[in-house]
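Asks:
Protein chains in written order, with my numbering: chain H, 200 to 355; chain U, 22 to 148.
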């Protein structure tokens, strides 16, 4: 059966987010500075907390309800070499799940959604109707607060 | 309504329940500390300015080594004052340009870079 949102698309969640970082194995540069992107975009930034097991996803944000997310990024907080994985699940559908190549630079990482250039915020609201789940992983285990995560969302 | 719970790793999780019924669980960790990666980076112009009273003597030096150092500096986007080759280059300049004293060299390398001294690189490359 057709629904209106199929055609207007305004509140329809995406099936996939494709960008420069959506294919695992991508490299990042020292000037990417997603932490600054988060700050300049007005995003909330948090440390990753305890991540005891390598390559295991840990939940940062879990929303049960409708809303939209327009900024999401992850970065390293030290120069220890590790890969960084971010998974974004909207309405139960994994729309982004990608792992960087090894990053050995402090404050380097990538943006999943949003960003800014020359002080101009480039926000891309992505809607969800039922749920939004942000999880991250590191290739190293027994780590605490070695990743920073920035996100910005609203609820309906 | 806001409550707190603990996740499987012992970290606090902030649970916000909105009147609409939406429930938000957020890892309750502080923001990452701000680390400035360009605190020792200085724009090229202000780097020259740090030569102070010896600036013109250095810039007009006929010494081939000094000329090479200045040419090298000019093609850089910025100068990292923590780099060993910057310190050794300044040491060399001091051996051939009498006006470039040890005190000037030390001041160039150790005076904290002000926001005005790396405004361009921050705007162009780190914003």
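Just so it is clear, CB atoms sit at the ideal spot from N, CA and C, and this is done for glycine as well. These numbers come from a predicted model, not from an experiment.
According to the neighbour-count rule (16 or more other Cβ atoms, all chains shown, within 10 Å of its Cβ), is residue 204 (chain H) buried or exposed?
Replies: Low local confidence applies: a pLDDT of 49 at residue 204 (chain H) is under 50, so the model's placement there is unreliable, and no value is given.
Asks: Against chain H, does residue 137 (chain U) count as a neighbour if the rule is that its beta carbon must be under 7 Å from one of theirs?
Replies: no
Asks: Is it right to say residue 95 (chain U) is buried, meaning 16 or more other beta carbons lie within 10 angstroms of its own, or is it exposed?
Replies: exposed
Asks: Kindly confirm or deny that the region 40–54 of chain U and the region 291–301 of chain H touch, where touching means at least three C-beta pairs closer than 8 Å.
Replies: no
Asks: Establish whether the CB of residue 48 (chain U) and some CB of chain H are separated by less than 7 Å.
Replies: Against chain H, the CB of residue 48 (chain U) has a partner CB under 7 Å away; the residue lies at that interface.
Asks: Assuming residue 118 (chain U) contacts residue 79 (chain U) (C-beta within less than 8 Å), just tell me the rounded distance between them.
Replies: 5 Å
Asks: Output yes if chain U places a C-beta closer than 7 Å to the C-beta of residue 285 (chain H); else output no.
Replies: no
Asks: In three-state terms, what does DSSP make of residue 76 (chain U)?
Replies: In this structure, residue 76 (chain U) counts as helix in the three-state DSSP scheme.
Asks: Return the CA-CA distance between residue 123 (chain U) and residue 301 (chain H), expressed in angstroms with no decimal places.
Replies: 42 Å
Asks: Does the beta carbon of residue 310 (chain H) sit closer than 7 Å to a beta carbon anywhere in chain U?
Replies: no
Asks: Is residue 234 (chain H) helix, strand or coil by DSSP?
Replies: helix
Asks: Between residue 146 (chain U) and the rest of its own chain, which residues show a CB-CB distance below 7 Å, the 5 nearest in sequence each way excluded?
Replies: 98
Asks: Pull out every residue of the region 60–90 of chain U whose Cβ sits closer than 9 Å to any Cβ of chain H, in chain order.
Replies: Residues passing the 9 Å Cβ filter: none.
Asks: Taking all protein chains shown into account, do 16 or more other C-beta atoms lie within 10 angstroms of the C-beta of residue 26 (chain U), making it buried, or fewer, making it exposed?
Replies: exposed
Asks: Could you pull out every residue in the same chain whose Cβ sits closer than 6 Å to the Cβ of residue 314 (chain H), ignoring the five residues on either side in sequence?
Replies: The beta carbon of residue 314 (chain H) is closer than 6 Å to those of 236 and 321 in its chain, skipping five residues each way along the sequence.
Asks: Could you list which residues in chain H have their beta carbon closer than 9 Å to that of residue 39 (chain U), in chain order?
Replies: 264 and 354
Asks: Using a cut-off of 7 Å between C-beta atoms, extract the partners of residue 52 (chain U) located in chain H.
Replies: 244 and 245
Asks: Residue 222 (chain H): buried (16+ other C-beta within 10 angstroms of its C-beta) or exposed?
Replies: exposed
Asks: Quick one: is residue 274 (chain H) buried, meaning 16 or more other Cβ sit within 10 Å of its Cβ, or exposed?
Replies: Residue environment: residue 274 (chain H) is assigned as buried (16 or more neighbouring CB atoms within 10 Å of its CB, all protein chains considered).
Asks: Output yes if chain U places a C-beta closer than 7 Å to the C-beta of residue 341 (chain H); else output no.
Replies: The beta carbon of residue 341 (chain H) does not come within 7 Å of any beta carbon belonging to chain U, so the residue lies off that interface.
Asks: How many whole angstroms separate the CB atoms of residue 352 (chain H) and residue 259 (chain H), which I take to be in contact at a CB cut-off of 8 Å?
Replies: Not confirmed; about 12 Å, so no contact.
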